[in-house]
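Colleague:
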Amino acid sequence: MGILDWLFTSSDEATGSTVDPAVVDQRIEQVVRIVNPRLKLVPGYHRKLAPAVVRAVLYCRELEAQIPPAIEASASVWSASPTLRALFATAQDIPAVFSRSVQVQDFFSATPGADQVWATLRFLGREREGFGVAVQGDVVRYDVARTAVSFEDKKVVLPSGCEHDARIEIRRRAFKFLLTEALEQIASLDMQRRDLTGQRAMMQARLLILKGQRVGLEPMLDEGGGALAKIEDVERELTENERALAACRNGGESLQFVLERVQDVLTHGSDHIQIRMVKLRLDQFNIVLPEGSGEAAIEITVPKVVVRRSPVVNLLACRFPRGELIRRGSLLDQAQRLLG
Numbered sequence: 000m001g002i003l004d005w006l007f008t009s010s011d012e013a014t015g016s017t018v019d020p021a022v023v024d025q026r027i028e029q030v031v032r033i034v035n036p037r038l039k040l041v042p043g044y045h046r047k048l049a050p051a052v053v054r055a056v057l058y059c060r061e062l063e064a065q066i067p068p069a070i071e072a073s074a075s076v077w078s079a080s081p082t083l084r085a086l087f088a089t090a091q092d093i094p095a096v097f098s099r100s101v102q103v104q105d106f107f108s109a110t111p112g113a114d115q116v117w118a119t120l121r122f123l124g125r126e127r128e129g130f131g132v133a134v135q136g137d138v139v140r141y142d143v144a145r146t147a148v149s150f151e152d153k154k155v156v157l158p159s160g161c162e163h164d165a166r167i168e169i170r171r172r173a174f175k176f177l178l179t180e181a182l183e184q185i186a187s188l189d190m191q192r193r194d195l196t197g198q199r200a201m202m203q204a205r206l207l208i209l210k211g212q213r214v215g216l217e218p219m220l221d222e223g224g225g226a227l228a229k230i231e232d233v234e235r236e237l238t239e240n241e242r243a244l245a246a247c248r249n250g251g252e253s254l255q256f257v258l259e260r261v262q263d264v265l266t267h268g269s270d271h272i273q274i275r276m277v278k279l280r281l282d283q284f285n286i287v288l289p290e291g292s293g294e295a296a297i298e299i300t301v302p303k304v305v306v307r308r309s310p311v312v313n314l315l316a317c318r319f320p321r322g323e324l325i326r327r328g329s330l331l332d333q334a335q336r337l338l339g
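Below is the structure:
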């Protein structure tokens, strides 16, 4: 078990608008251990972190609650499920995707009594613009702008023995993600400060050289003004550099700065991660149909995770039956046949 797994073994299983003090204590301990153990040196660090941690815990509950209940993902229900038909071209694609997950295979191997696994199907929804055929009244048109939706890069993650555990895992991962965001901000500013410090050293060296050249050449040349202008330019750049360095406030080396970054990210979780429900009206070829088009359509709703600085992904809570699992040996045989 890695340190991150050990740190996140505690669970926030409650609902509502209050957070158990024990959960707050556990999360603060996680913040300190993951972000910077020296945060304990900041006077009153626990009291200062507690409000932000409570906000983050409550927000992670909101994120988890927005994900719809798990659907059965199996070949046997493919034909009756509009969502599965939109995501998978054929019924047999479902067991193929779930069986390729090492985590799913390991789960069933470790829990021989489990009839099914709860897991999250992660995928990317892509839209492509083009032209196609459409019937408008009694007229068939062949140049109608159409939008086709495809669901790609499917991957099964976070397998659990029950839906409750799967949802608690989503809360844990969301909180961990916010801590990662805070760490990235701290590291980014620290790197910026180091770059500015390096630039300052180079400009200071250049300034010394220019001043030395001016002193040596000005008595012999009438063009000393050119060297003076260069010196003034470098001095101006140095002033701007010093101003930028002062704004960095020593970056990650300042424990107060680290504390404030963590407080800000945990308090404003929605600035960093959101879940939005995307409703799609599609035909049998996954072409987006407008309302009132009169064409046969299915309507599906897919949760979309919007993360700052990262690609947008879709998530679907699923339960997959052991009876449709393709064993590792059979998957290997299939791969060898395809390669052959």
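The numbering of the sequence shown is numbering that gives the first Met the number 0, which starts it at 0 and goes up by one.
Quick reminder that beta carbons are idealized off the backbone N, C-alpha and C, glycines included.
#1: Using a threshold of 8 Å, state whether the C-beta atoms of valine 22 and valine 56 are closer than that.
#2: So which of Leu120, Pro289, Asp114 has the shortest CA-CA distance to glycine 160?
#3: Less than 8 Å between the C-beta atoms of valine 41 and glutamine 255, yes or no?
#4: Is it right to say lysine 153 is buried, meaning 16 or more other beta carbons lie within 10 angstroms of its own, or is it exposed?
#5: Nearest to glutamate 61 by CA position, among Leu178, Lys175, Gly268, Ala165, is which residue?
#6: Which class does glutamate 294 belong to by DSSP, given the choice of helix, strand or coil?
#7: In chain order, what residues of the same chain have a beta carbon less than 7 Å from the beta carbon of glutamate 71, not counting five sequence neighbours either side?
#8: With a cut-off of 8 Å on the beta carbons, I'd call arginine 275 and glutamate 290 a contact; round off their distance for me.
#9: What is the DSSP secondary structure of phenylalanine 107, reduced to helix, strand or coil?
#10: Roughly how many whole angstroms lie between the Cα atoms of leucine 342 and proline 67?
#11: State buried or exposed for glutamine 410, treating a residue as buried only when at least 16 other CB atoms are found within 10 Å of its CB.
#12: Taking Cβ positions, are arginine 171 and valine 312 nearer each other than 8 Å?
#13: Considering Cα atoms alone, identify which of Val52, Asn285, Val148 is closest to arginine 125.
#14: Please return the same chain residues whose Cβ sits closer than 7 Å to the Cβ of isoleucine 93, not counting the five positions on each side in sequence.
#15: Under the rule that 16 or more other beta-carbon atoms within 10 Å means buried, what is histidine 271, buried or exposed?
#16: According to DSSP, is arginine 307 part of a helix, a strand, or is it coil?
#17: For valine 301, which of Gln283, Leu182, Thr119 has the nearest alpha-carbon?
#18: Going by other Cβ atoms of all chains shown within 10 Å of its Cβ, with 16 needed for buried, is aspartate 142 buried or exposed?
#19: Check for me: the beta strand (DSSP E) holding isoleucine 274 runs from which residue to which?
#20: Can you tell me which of Leu177, Ser329, Pro320 puts its alpha carbon nearest to the alpha carbon of phenylalanine 107?
#21: Spatial neighbours of glycine 129 within its chain, please: C-beta separation below 7 Å, excluding the five flanking residues on both sides.
#22: So, helix, strand or coil for leucine 288, using DSSP?
#23: Does the beta-carbon of phenylalanine 284 have 16 or more other beta-carbons within 10 angstroms, so that it is buried, or is it exposed?
#24: How should valine 306 be labelled, buried or exposed, when 16 other C-beta atoms within 10 angstroms of its C-beta is the threshold for buried?
#25: My output table needs one value for leucine 157: the three-state DSSP class, helix, strand or coil.
#26: Using the C-alpha atoms, what's the distance from alanine 95 back to aspartate 19?
#27: How should valine 116 be labelled, buried or exposed, when 16 other C-beta atoms within 10 angstroms of its C-beta is the threshold for buried?
#28: Which residue wins for smallest C-alpha separation from leucine 324, given the options Arg26, Gln91, Ser80?
#29: If you reduce the DSSP assignment to three classes, tell me which class valine 148 lands in.
#30: State the DSSP-derived secondary structure class of proline 81, mapped to helix, strand or coil.
#31: Go ahead and pull the three-state DSSP assignment for aspartate 221.
#32: What is the C-beta distance between lysine 47 and leucine 258, in whole angstroms, given that I count them as a contact (C-beta under 8 Å)?
#33: Considering only the alpha carbon of each residue, which of Ile167, Gly43, Phe176, Asp263 lies closest to alanine 64?
#34: Look at the Cβ atom of valine 101, then the Cβ atom of alanine 181, and state whether they are nearer than 8 Å.
#35: Based on the DSSP secondary-structure assignment, which residues constitute the bridge partners of arginine 318?
#36: If we ignore side chains and look at the alpha-carbon of each, how far apart do lysine 175 and isoleucine 299 end up?
Modeller: According to the data block:
#1: By one-based count along the sequence shown, residue 22 stands at place 23. By one-based count along the sequence shown, residue 56 stands at place 57. Yes, Cβ-Cβ distance for valine 22 and valine 56 is below 8 Å.
#2: Taking the first residue of the sequence shown as position 1, residue 160 is located at position 161. Comparing C-alpha distances from glycine 160 to each of Leu120, Pro289, Asp114 shows the shortest one belongs to Asp114.
#3: Translated into positions along the sequence shown, residue 41 becomes position 42. Translated into positions along the sequence shown, residue 255 becomes position 256. Their beta carbons are under 8 Å apart, which means valine 41 touches glutamine 255 by this criterion.
#4: On the sequence shown, position 154 is the one that residue 153 refers to. Buried, by the Cβ-count rule.
#5: Mapped onto the sequence shown, residue 61 falls at position 62. Nearest neighbour of glutamate 61 by Cα position, chosen from Leu178, Lys175, Gly268, Ala165, turns out to be Gly268.
#6: Position 295 of the sequence shown, counted from the start, is the residue given in the question as residue 294. Coil, per DSSP.
#7: Locating residue 71 in the sequence shown gives position 72, counting from the first residue. These residues qualify, in order along the chain: Arg318.
#8: Numbered from 1 along the sequence shown, position 276 holds the residue referred to as residue 275. Numbered from 1 along the sequence shown, position 291 holds the residue referred to as residue 290. Rounded, the Cβ-Cβ distance is 19 Å, inconsistent with contact.
#9: The sequence position of residue 107 within the sequence shown is 108, counting from 1. Here phenylalanine 107 sits in helix by DSSP.
#10: Residue numbering for the chain in the displayed model covers 0 to 339; residue 342 lies beyond these limits and cannot be assessed.
#11: No information on residue 410 is available, as it lies outside the stretch 0 to 339 that the chain covers here.
#12: The residue given as residue 171 occupies position 172 in the sequence shown. The residue given as residue 312 occupies position 313 in the sequence shown. In this structure, arginine 171 sits away from valine 312, with a CB-CB distance that is not shorter than 8 Å.
#13: Counting from 1 along the sequence shown, the entry for residue 125 is found at position 126. Nearest to arginine 125 by alpha-carbon distance, out of Val52, Asn285, Val148, is Val148.
#14: Here residue 93 refers to the residue found at position 94 when the sequence shown is read from its first residue. Ala72, Ser73, Ala74, Trp77, Leu83, Phe87.
#15: Within the sequence shown, the letter at position 272 stands for residue 271. Under this definition histidine 271 is a buried residue.
#16: Mapped onto the sequence shown, residue 307 falls at position 308. It is coil, neither helix nor strand.
#17: Taking the first residue of the sequence shown as 1, we reach residue 301 at position 302. Minimum Cα distance to valine 301 is reached at Thr119.
#18: As a working note, residue 142 is residue 143 in the sequence shown. Its Cβ having fewer than 16 others within 10 Å, aspartate 142 is exposed.
#19: Taking the first residue of the sequence shown as position 1, residue 274 is located at position 275. Element bounds for isoleucine 274: 272 to 281.
#20: For the purposes of this step, residue 107 is taken as the residue at position 108 of the sequence shown. When only C-alpha atoms are compared, the closest one is Pro320.
#21: The count along the sequence shown starts at 1 and reaches residue 129 at position 130. Only residues of its own chain outside the window of five on either side were considered, and among them Arg145, Ala147 have a CB closer than 7 Å to the CB of glycine 129, listed in chain order.
#22: Position 289 of the sequence shown, counting from 1, holds the residue named residue 288. Leucine 288: coil per DSSP, three-state reduction.
#23: Counting from one through the sequence shown, the residue named residue 284 turns up at place 285. Burial call: exposed.
#24: Locating residue 306 in the sequence shown gives position 307, where the first residue counts as 1. Here valine 306 is exposed, its C-beta having fewer than 16 other C-beta atoms within 10 Å.
#25: Taking the first residue of the sequence shown as position 1, residue 157 is located at position 158. The answer is strand: DSSP assigns leucine 157 an E or B state.
#26: Within the sequence shown, residue 19 is the residue found at index 20, counting from 1. Within the sequence shown, residue 95 is the residue found at index 96, counting from 1. If you take the alpha carbons of aspartate 19 and alanine 95, they lie about 42 Å apart.
#27: Here the question's residue 116 lines up with position 117 in the sequence shown. By the 10 Å Cβ count, valine 116 comes out buried.
#28: Within the sequence shown, numbered from 1, the residue matching residue 324 stands at position 325. By alpha-carbon distance to leucine 324, the top candidate from Arg26, Gln91, Ser80 is Gln91.
#29: In the sequence shown, the residue the question calls residue 148 occupies position 149. In this structure, DSSP gives valine 148 an extended state, which the three-state scheme calls strand.
#30: For this step, residue 81 is matched to residue 82 along the sequence shown. Reduced to three states, the DSSP call for proline 81 is helix.
#31: As a working note, residue 221 is residue 222 in the sequence shown. In this prediction, aspartate 221 scores a pLDDT of 49, lower than 50, which makes its location untrustworthy; the coordinate-derived value is nonetheless stated afterwards. The answer is coil: DSSP assigns aspartate 221 none of H, G, I, E or B.
#32: As a position in the sequence shown, residue 47 is number 48, starting the count at 1. As a position in the sequence shown, residue 258 is number 259, starting the count at 1. Cβ atoms of lysine 47 and leucine 258 come within 8 Å of each other, at about 6 Å.
#33: Here the question's residue 64 lines up with position 65 in the sequence shown. For the residues Ile167, Gly43, Phe176, Asp263, the minimum Cα distance to alanine 64 belongs to Ile167.
#34: Numbered from 1 along the sequence shown, position 102 holds the residue referred to as residue 101. Numbered from 1 along the sequence shown, position 182 holds the residue referred to as residue 181. Taking 8 Å as the Cβ cut-off, valine 101 and alanine 181 do not qualify as a contacting pair.
#35: Position 319 of the sequence shown, counted from the first residue, corresponds to residue 318. As DSSP reads the structure, arginine 318 sits in a beta bridge with Glu71, Trp117.
#36: Sequence index remark: in the sequence shown, residue 175 carries index 176 (1-based). Sequence index remark: in the sequence shown, residue 299 carries index 300 (1-based). The straight-line gap separating the alpha-carbon atoms of lysine 175 and isoleucine 299 is approximately 30 Å.
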